[in-house]
Each structure stands twice: as C-alpha cells, then as structure tokens.
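Trainee:
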Amino acid sequence: PYTSPNNNTSLLLFLGVFRALAIDYLWVRAIEKREEGKFFEELAILQLLTQLQPKSPTIWMDLAYNLTYNISLSFPQKEKQWPWIEKGLLLLRKAIQKNPKNPQLKQELAYYLYDRLSRNERGQRRKNPHYLTYFQKKFLQHPQLNPQHQHPYYLSLYWAQKAIQQFDHVSAIAESLLLYNTQKLVQIEKSKQQYQLILQLTTQAIQRIPTLQSNVYPLYHHLSRIFARLLLERALAYLHLGKQQHALQDLKSALHTAPDYPKVALPAKYYLKQLSKSTIKRN
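Here is the structure:
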C-alpha cells in the first residue's frame with residue numbers, strides 16, 4: 018500500500034545516530050526488491066528513504082519511477098494504472114519544491130510527461146501527436162498537475178527548458194526533450210494554422226544549435242535531422258506569414274543541415290525553386 022510518510026516518524030527518531038547505516042541498508046534492500054520484482058515492498062523502503070534523505074534527488078527519482086512505471090504497469094487496466102502515474106507525477110512536483118535548484122528532478126518530470134503519458138496501458142507509445150492517450154486526457158483534466166489544461170507536451174517542454182537553464186553542463190536528455198516536444202507541438206499547432214506560435218516554438222529550439230555545435234558536437238550531429246525539420250517548419254510558417262526572405266534563409270539552412278535527409282531536402286529544394294521563380298517574375 019501507498020503509506021503516509023507520517024507513519025514512519027517514530028522509526029526515524031529511533032534511528033538517530035544509526036542514520037547513515039540505516040540509509041545504506043535500506044538502499045541495498047530497495048535494490049534487492051526491485052530486482053525481485055517486488056515493487057510494492059520497494060515502494061515502502063523508498064518512502065522511508067525520502068524522509069531520511071529529502072535532499073537526495075536519486076531517491077525521489079527512484080520512488081517516482083517505481084510509481085509511474087513499475088507499479089502502474091503491473092496493472093493491465095489503464096484505469097488502475099493512472100492513480101499510480103498520478104502519484105509519481107505529484108511526487109516529482111513535491112521533490113522539485115523541496116529541491117528547487119536541482120535540474121535532474123525537472124528533467125525527470127519533463128521525461129515522464131513526454132514519455133509515460135504518451136504510452137497506452139501496454140506501455141506502447143502513440144506516435145501521432147493529434148491522438149490523445151487515456152493518460153494524456155486524464156492529465157489535461159487534473160486540477161493540481163495541470164490547472165491551465167495545457168497539452169502535456171507543453172509542460173514537458175517547460176520543465177526541459179528549466180532543467181537546461183540550471184544544468185552546469187549540456188544534458189543530452191534535456192536537449193533531446195526540448196526538440197522532441199517542440200517537434201510534436203509544431204505538428205499540433207500546424208493543424209490549427211497557428212503560425213506565429215510555430216515561429217516561437219521553432220525559434221527557441223533552433224537557438225540551441227550554436228551551443229550544441231560548439232560544446233557537444235556528437236549530440237548536435239545526432240539531433241541534426243530534427244533541427245533541419247524545425248528549420249523547414251519555421252520556413253513554411255514564414256511563407257504563410259508572407260516573410261519570403263526569412264523563409265529563404267531557413268530553407269537554405271535546413272538543406273545545409275541535412276542534405277541527405279529526403280524529408281527535409283526534397284521540400285526545401287521545392288520551395289527554394291518556387292521562391293526563385295517568384296523573384297525572377299518580380300524582376
């Protein structure tokens with residue numbers, strides 16, 4: 018059962034000077050229980066550890082993962098999975114409140130909002146951003162987790178950006194989440210013809226290119242196709258808004274970034290050709 022932390026207060030007082038030994042012992046037991054697949058027993062241990070080490074992000078993340086993934090997926094019905102996912106997300110929000118300067122917790126929350134909510138009850142991810150999963154629908158209606166009823170991709174993007182701002186190094190996970198969420202949101206907003214919003218979304222992602230190119234080139238290379246697609250999407254938004262020169266620049270950049278990627282190269286070449294024709298006609 019998901020016990021109240023207050024039930025363990027007397028035990029914590031009793032531990033006293035044995036605190037460090039108790040923490041080590043409980044960690045070993047928690048790992049053993051996870052390896053044995055006894056997630057509810059692991060849950061009880063991790064709950065106690067969050068009280069012994071409230072400033073340890075690892076404990077909060079382990080507990081949240083156990084709730085959001087391990088325990089929730091032990092139930093076949095999505096209706097029984099959601100309460101555990103909800104507990105995991107609320108727990109991470111609590112962890113962030115207790116550790117406001119820790120970027121790992123924000124990154125973890127961003128990942129759960131992007132990954133776990135986009136999966137069905139069998140753990141399979143829905144790739145179409147226009148289709149809301151059961152968990153995304155529940156999240157949209159949640160008064161505590163989502164009082165403004167935003168799409169979870171927007172909140173995942175928000176927490177990924179917060180993590181990036183606080184990390185003292187480039188985090189591959191946070192950077193990837195920023196791009197993946199942006200890509201999904203652009204598809205959603207494109208269907209609504211929200212071109213100004215697409216400009217904002219794509220621009221804040223594209224601004225990460227110089228940082229990744231100069232600091233972590235392998236990561237930039239890995240994400241280059243996504244950058245190219247976002248450059249293409251921004252170019253198309255510019256075209257819809259009548260800003261041909263901005264579109265021309267982005268089309269060239271997209272083609273330069275991923276010249277061998279057909280999903281970008283072919284439309285980029287097509288629109289460059291069309292823009293060239295319109296320029297010739299005007300002259």
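If you want the numbering used here, it's the 1-based position in the sequence shown plus 17. Every residue gets a Cβ at the ideal spot worked out from N, C-alpha and C, and that includes glycine. Keep in mind that this is a model prediction, so the values were computed, not measured.
1) My output table needs one value for Arg136: the three-state DSSP class, helix, strand or coil.
2) Compare the beta carbon distance of Ala191 and Pro117 with 9 Å and say whether it is the shorter of the two.
3) Quick check on the burial criterion: 16 or more other C-beta atoms within 10 angstroms. Buried or exposed for Tyr288?
4) So which of Pro146, Ser188, Leu272, Tyr278 has the shortest CA-CA distance to Leu286?
5) Work out the CA separation of Thr228 and Gln64 for me, nearest whole Å.
6) Please state whether DSSP places Arg225 in a helix, a strand or coil.
7) Taking the continuous alpha helix (DSSP H) assigned at Ser270, which residues delimit it?
8) Helix, strand or coil, according to DSSP, for Leu46 in the structure here?
9) Which runs of the alpha helix (DSSP H), 4 residues or longer, sit entirely within the stretch 48-81?
10) Assuming Leu149 and Thr199 are in contact, meaning their beta carbons sit under 8 Å apart, how far apart are those beta carbons, in whole angstroms?
11) Are there any heavy atoms of the ligand GDP lying less than 8 Å away from the beta-carbon of Ser193, as far as the coordinates show?
12) Taking the Cβ atom as the reference point for each residue, do Ile102 and Leu126 lie within a distance shorter than 9 Å?
13) Tell me whether Arg143 sits in a helix, a strand or coil according to DSSP, three-state version.
14) I think Ala177 touches Leu162, with their Cβ atoms under 8 Å apart; what is that distance to the nearest whole Å?
15) Under three-state DSSP, which class holds Asn198?
16) Do you know offhand how far Ser21's Cα is from Leu60's?
17) By Cβ distance, which residues of its chain are closer than 8 Å to Val203, with the 5 residues on each side in sequence left out?
Mentor: Based on what the coordinates show:
1) Residue 136 sits at position 119 when you count from the first residue of the sequence shown. Three-state result, Arg136: strand.
2) Numbered from 1 along the sequence shown, position 174 holds the residue referred to as residue 191. Numbered from 1 along the sequence shown, position 100 holds the residue referred to as residue 117. Ala191 places its beta carbon 9 Å or farther from that of Pro117.
3) As a working mapping, residue 288 is identified with position 271 in the sequence shown. Classification for Tyr288: buried.
4) Sequence index remark: in the sequence shown, residue 286 carries index 269 (1-based). One detail in the question is off: residue 286 reads as Lys in this sequence, not Leu. Per the Cα distances, Leu272.
5) Position 47 of the sequence shown, counted from the first residue, corresponds to residue 64. Position 211 of the sequence shown, counted from the first residue, corresponds to residue 228. So the two alpha carbons sit approximately 39 Å from each other.
6) Position 208 of the sequence shown, counted from the start, is the residue given in the question as residue 225. DSSP places Arg225 in coil when its eight states are reduced to three.
7) Walking along the sequence shown from the start, residue 270 turns up at place 253. Secondary structure note for Ser270: its alpha helix (DSSP H) is the uninterrupted segment 261-274.
8) Within the sequence shown, residue 46 is the residue found at index 29, counting from 1. A small fix is needed here, since residue 46 is Arg in this sequence, not Leu. Arg46: helix per DSSP, three-state reduction.
9) As far as the stretch 48-81 is concerned, its whole alpha helix (DSSP H) runs of at least 4 residues are 56-69.
10) The sequence position of residue 149 within the sequence shown is 132, counting from 1. The sequence position of residue 199 within the sequence shown is 182, counting from 1. Rounded, the Cβ-Cβ distance is 18 Å, inconsistent with contact.
11) The ligand GDP is absent from the structure shown, which contains no ligand whatsoever.
12) Locating residue 102 in the sequence shown gives position 85, counting from the first residue. Locating residue 126 in the sequence shown gives position 109, counting from the first residue. If you check the CB distance, Ile102 and Leu126 do not come in under 9 Å.
13) On the sequence shown, position 126 is the one that residue 143 refers to. Correct three-state label for Arg143: coil.
14) As a position in the sequence shown, residue 177 is number 160, starting the count at 1. As a position in the sequence shown, residue 162 is number 145, starting the count at 1. Contact flag wrong, Cβ pair sits at about 16 Å.
15) Start at 1 with the first residue of the sequence shown, and residue 198 comes out as number 181. DSSP, reduced to helix, strand and coil, places Asn198 within a helical segment of the structure shown.
16) Numbered from its first residue, the sequence shown carries residue 21 at position 4. Numbered from its first residue, the sequence shown carries residue 60 at position 43. The pLDDT assigned to Ser21 is 48, lower than 50, so where the model puts this residue is not dependable; a value taken from the coordinates is nonetheless given after this. The alpha-carbon of Ser21 is positioned some 12 Å away from that of Leu60.
17) Your numbering for residue 203 matches position 186 in the sequence shown. In the same chain as Val203, and ignoring 5 residues on each side of it, the C-beta atoms closer than 8 Å to its own belong to Ile215, Leu218, Thr219, Leu247, Glu250, in chain order.
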